[in-house]
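Asks: Let me give you the structure first, and then I'll get to my questions.
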Amino acid sequence: MIRRAVIALALGLMAVLFVCPRAEASRAVATVDRTGIGQGESFNLTVTISEGSGDVDESPLEKDFRIVSRSSGTNVSIINSKMTRETRYTYVLIPLKEGEVVLPALTVRASDGDVLLTKPIVINVGAGGGNARAASSRDVFMEASASNKSPYAGESAIYTLRIYRAVEIANAALRPLEFGPFHAEQLKDDKSYTKVIDGRQYAVIEMNFLLTATAPGRYVIPPAEITCDVVIRRGPRSAFDGFFGMGTQDLRPMLLRSAETAMDVKPLPPYTGKGRFSGLVGKFGVSAALDRQEVPAGESATLAITVRGTGNVMDVALPELGLPDTVKVYTDSPEESIAMSEEGYRGHKLFKYALVPLGPGRIEIPPVEIVYFDTGSGKHVSTSTGVITLSATKSEGKEEQVVSLPEGNSSGGAKRAVEFQHKDILPLKGSVEAMGVHGGFSALAFSLLMIAPAIVFCGCLMAKRLARRSVGIARQMADKALSLIKDPAMPGGFADCHRALVFAVLSRAGRTGEVLTYDEAREILLARGFDPARAEEVVALMRALDAARYSGAAMADQEKSALCGRAAAMVREVIG
Amino acid sequence: MRARRLLSIILSLACVIALALASRAHADGLHDKVFAEASEAYDKGDFEAAAKGFSDLAGSGVKSAALFYNLGNAEMRSGRLGHAILWYERARRLAPTDPDLLFNLQYARGLAKDESPTSDAEALLRVIFFPKWLLGPSAVQAATLMLNAVFWLAIGLNVFVRRRALRTFAAVVLFLLLVLAPTAVYELYEASAGSRAVVLGSTAEVRSGLSEDSTVLFTLHEGSVVRVNEARDGYMRIEFTRDKIGWIRKGSAGLI
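Next comes the structure, spelled out in structure tokens:
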């Protein structure tokens, strides 16, 4: 019977293993939505794991791709009583290089423990690749360019970003642009227009930035990036939707990158001419005008000098006039009008001087010269006003005045606030200890050092109280001893005498008690500096009193009194 | 016998102390040499070598405001604004009133792209813990410990020798102690909590969560100073202003 049962069990197990449908093994498949994309565009990678779920090893993707986003979903279906389960991992990727880029095989660790491998996929990126899409076949793309990729230091250039779209997009977001060492300002009013490229019409948004290089060198402006969703409209799903004119739409995320822009900023050639280089870069002109050619001495005429041009107009400094001491000069705050344009900064700066001749005569205002660097010719150029003449006449109805300048003010100019011309860091310190030695304690050490004086204080306080306490005990015991011998008749007899002697010795020790051995009494007295002979006398007296108490021998009253008297005297001596 | 034993113990202690002092002097000598070499490299224009030299010295545990200041200068010259501000801030902790340091730090902050926010809480802390901005932390600690010891000595003496002048003196010392001690404690707390950091990379994306998939809330640029509230899983929770809070990767910012 047992044998039959075992055979039946074995047959049953075999049926379960071989007859029943076996569970399907997991599979992993990688697919992409397109294999040809333009530079900077993204594509979708979907890893589908059938009959289960798992973990995808994304690390092989990081070498040649940037993972913009990830999502996952699970699909369970039951068809003809058969349940299938599918897990999808979707990645939006952007290639990091052009040409044929291989999407490597990805390792998937399935939930059932199997290790699966997808197949590699080749993606063609850019206009030169095998299956790459031409510019006209791209729905959305971006271009970046610079009007001048090798400006001089101080010269401005226009950085233009153009976004082309042939389809509807939503949720567009431009990542903040990084211009490195360039001073950048966006020109107002972005431009919008349409453009046809290879027969396809694109709506274009153009943004312009005015960049000014501050120092020579090679700089690379990183690519601009825009994230957006491409709207994919589908037809109405049902007649119901169609009746209400509704369709459906999907959003496909995209990440667009422009190319990076390399700029080589050239240094200005050294200036070897006469005069002083003003630091201006661009194209400039200078003019001067007097509001009146003739002015009585002591009254003012206004000289207006205007520097106008294209370039770093804002850096125009107050021109020096070089007038003689016979003319007082007062300056006003300059007026400026500067605007940004596609040619760069353009405008003018107006400087006004009030000139007050101190006496009659003819005053020649020397030409005001400005040396600037002309980016067009690549040379330093000088421009100047002509000589301007001012006639100072005698003051009418007044005696000839001789106006002298106050002492110490030979220049006659108004005072100006000192301003920074340039900025830089101060130099190194000479040694490690130059700014002081910095030890410092840790938190634990600091806490301990803070608590230590308090502990010492409390210790001293306790010691004082203990000392006071021991003095109190000595006083107590002494009072007890004296109270026992107070009555000369000694009614308590030898017992009281003995106790009084014991209390007296204990008072010297500063402790309480009722009994003492002879040795203890001797030790206490000797420790307290008692004369050894006297200490022996005290001990002998204690023995005599004990003998008198306990021997039972008869004693005459006189002898008793004498003994008690000696005890009382000894008590007083011990107490002191 | 006992005297011999005592003598041998004293001699052994003396040897140990002498060895410790000698090794300390040797270490100090090496530090000075490295410092001088790095300074020379800086003067020759080799700022990377200078930065490495100063950085190695700082990494070996030398805590010096001059060293941190010089390292900040080398980082500035090497074009690493974030690192420069970080080392200037570390130097400022040790020497808060050095004029050269304050000048360079202000210049460096001026180059940072993000506008530094003004915080009411920080203004209040500056008022409460004002000695922090007048003295270095070791000076504050030393003054606090000294005042503490003097205070307890004064009231201890008063227990035995009751004098009104002594009590008045103790009260004055206590007042000064109550002014300095909170600053000393706050500086120890700050040093252990490491609550501020400087953005080191050209940009740092501040996200809503602890992963690269989380939404980018805002972006900070090199040199911005933030308050660090928490750190876990390779991310730090930072606060730029009261309403600008988020998570950045740990390597994006250096703790002051």
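Here the protein sequences line up with chains A and B, keeping their order. Note that the numbering used here has the first sequence beginning at 1291, numbered continuously upward. Note that the numbering used here has the second sequence beginning at 20, numbered continuously upward. Glycine included, C-beta positions come from ideal geometry on N, C-alpha and C.
Residues in the same chain with beta-carbon distance under 6 Å from Y1379/A, minus the five sequence neighbours each way, listed in chain order, please.
Replies: Only V1337, V1346, S1362 meet the Cβ criterion.
Asks: For the alpha helix (DSSP H) that contains Y126/B, what are its first and last residues?
Replies: Note, Y126/B: alpha helix (DSSP H), 118-130.
Asks: Helix, strand or coil for A1549/A? Go by DSSP, reduced to three states.
Replies: In the structure shown, A1549/A sits in coil (DSSP, three-state: anything other than H, G, I, E or B).
Asks: Does any residue of chain B have a CB that is nearer than 7 Å to the CB of K1353/A?
Replies: No, its Cβ sits nowhere closer than 7 Å to a Cβ of chain B.
Asks: Assuming Y1840/A is part of the alpha helix (DSSP H), what are its boundary residues?
Replies: Its alpha helix (DSSP H) spans residues 1822-1840.
Asks: Less than 8 Å between the CB atoms is what I'm expecting for I267/B and M255/B, so what's the real figure, rounded?
Replies: Their Cβ separation, rounded to whole angstroms, is 6 Å, which keeps I267/B and M255/B in contact under 8 Å.
Asks: Going by Cα to Cα distance, which pick from V1319/A, R1566/A, R1523/A, M1373/A is closest to D1540/A?
Replies: Nearest of V1319/A, R1566/A, R1523/A, M1373/A to D1540/A, Cα basis: R1523/A.
Asks: Leaving aside the five residues before and after A1422/A along the sequence, list all residues of the same chain whose C-beta is less than 6 Å from its C-beta, in chain order.
Replies: Because A1422/A carries a pLDDT of 38, less than 50, the predicted location of this residue cannot be relied on, and no value is offered for it.
Asks: On the three-state DSSP scale, how would you describe V1430/A?
Replies: Strand at V1430/A.
Asks: Using CA atoms only, rank isn't needed, just tell me which of Y1449/A, E1475/A, V1555/A is closest to P1513/A.
Replies: Nearest option by C-alpha distance: Y1449/A.
Asks: Can you grab the Cα-Cα spacing for the pair F1355/A / A1320/A, in whole Å?
Replies: The alpha-carbon atoms of F1355/A and A1320/A are separated by roughly 15 Å.
Asks: If you draw a straight line from the alpha carbon of G1328/A to that of A1318/A, how long is it in whole angstroms?
Replies: Answer to the nearest angstrom: the Cα atoms are 28 Å apart.
Asks: Can you list the residues of chain B that A1715/A reaches, using a CB-CB cut of under 7 Å?
Replies: In the sequence as displayed, the identity of residue 1715/A is Ile instead of Ala. Going along chain B in sequence order, the residues near I1715/A (Cβ under 7 Å) are N92, M95, N123, Y126.
Asks: Tell me which residues share the same chain as V1391/A and place their Cβ nearer than 6 Å to its Cβ, disregarding the 5 neighbours each side in the sequence.
Replies: Hits under 6 Å: D1354, P1385, I1413, V1415.
Asks: Is the separation between the beta-carbon of T222/B and that of T234/B shorter than 7 Å?
Replies: Contact flag unset, no.
Asks: By a C-beta neighbour count over all protein chains shown, 10 Å radius and 16 as the cutoff for buried, is V191/B buried or exposed?
Replies: The residue in question, V191/B, is exposed, as its Cβ has fewer than 16 Cβ neighbours within 10 Å.
Asks: Could you tell me whether any Cβ in chain B is nearer than 7 Å to the Cβ of S1361/A?
Replies: Chain B contact via Cβ: absent.
Asks: Just tell me which of H102/B, A184/B, A114/B, W171/B has its CA closest to the CA of L276/B.
Replies: No answer is possible for residue 276/B: the residues shown for chain B start at 20 and end at 275.
Asks: Please compile the residues from chain A whose C-beta is within a distance smaller than 9 Å of the C-beta of V178/B.
Replies: Those are F1747, C1750, L1751, K1754, listed as they occur along chain A.
Asks: Whose CA, out of N1498/A, R1566/A, M1497/A, I1678/A, lies closest to the CA of Q1583/A?
Replies: That would be I1678/A, whose Cα lies nearest to the Cα of Q1583/A.
Asks: Please tell me whether A1434/A and A1447/A are closer than 7 Å, where the distance is taken between their beta carbons.
Replies: No, these two residues do not count as a Cβ contact at 7 Å.
Asks: Which residues share a DSSP beta bridge with K263/B?
Replies: Note: K263/B sits in a beta bridge opposite T260/B.
Asks: Quick one: which chain A residues come within Cβ less than 7 Å of P333/B?
Replies: Since the displayed chain B opens at 20 and closes at 275, residue 333/B lies outside it and no answer follows.
Asks: Determine the direct distance from the alpha carbon of D262/B to that of P156/B, and round the result to whole angstroms.
Replies: Their Cα atoms are separated by approximately 31 Å.
Asks: State the CB to CB distance for the pair I1453/A and L1570/A, rounded to an integer number of angstroms; the pair is presumed to be in contact (CB under 8 Å).
Replies: About 35 Å; that fails the 8 Å criterion.
Asks: Are the CB atoms of S97/B and A55/B nearer to each other than 7 Å?
Replies: No, the Cβ-Cβ distance between S97/B and A55/B is not below 7 Å.
Asks: Leaving aside the five residues before and after D1323/A along the sequence, list all residues of the same chain whose C-beta is less than 7 Å from its C-beta, in chain order.
Replies: Within the same chain, D1323/A has close Cβ partners F1333, N1334.
Asks: Does DSSP put V1693/A in a helix, in a strand, or in coil?
Replies: Its pLDDT being 49, under 50, V1693/A is placed unreliably in this model, and the value from its coordinates should be taken loosely. Three-state DSSP puts V1693/A in coil, outside helix and strand.
Asks: What residue range is occupied by the uninterrupted beta strand (DSSP E) comprising L219/B?
Replies: Note, L219/B: premise wrong, no beta strand (DSSP E); not H, not E.
Asks: Would you kindly report the start and end of the unbroken beta strand (DSSP E) that includes E249/B?
Replies: 244-251 is the span of the beta strand (DSSP E), which, as asked, contains E249/B.
Asks: When the cut-off is 7 Å and only beta carbons count, does E1739/A lie next to chain B?
Replies: According to the sequence as given, residue 1739/A is Leu; it is not Glu. Closer than 7 Å: yes.
Asks: How close, in whole Å, do the beta carbons of V1457/A and V1430/A come, if the pair is a contact with beta carbons under 8 Å?
Replies: Right, their Cβ atoms sit about 7 Å apart.
Asks: Can you find a CB in chain B that lies within less than 7 Å of the CB of P1557/A?
Replies: Closer than 7 Å: no.
Asks: What are the start and end residues of the alpha helix (DSSP H) that includes L1847/A?
Replies: Per the sequence shown, residue 1847/A should be read as Asp rather than Leu. It spans 1847-1865 - the alpha helix (DSSP H) in which D1847/A sits, taken as one unbroken run.
Asks: Given 8 Å as the limit, is there contact between the stretch 1770-1781 of chain A and the stretch 1733-1752 of chain A, that is, 3 or more CB pairs closer than that?
Replies: Output reads no: the stretch 1733-1752 of chain A does not touch the stretch 1770-1781 of chain A.
Asks: Using a Cβ cut-off of 9 Å, which residues of the stretch 221-244 of chain B contact any Cβ in chain A, in chain order?
Replies: Flagged, chain order: S221, T222, E231, D232, V235, T238, H240.
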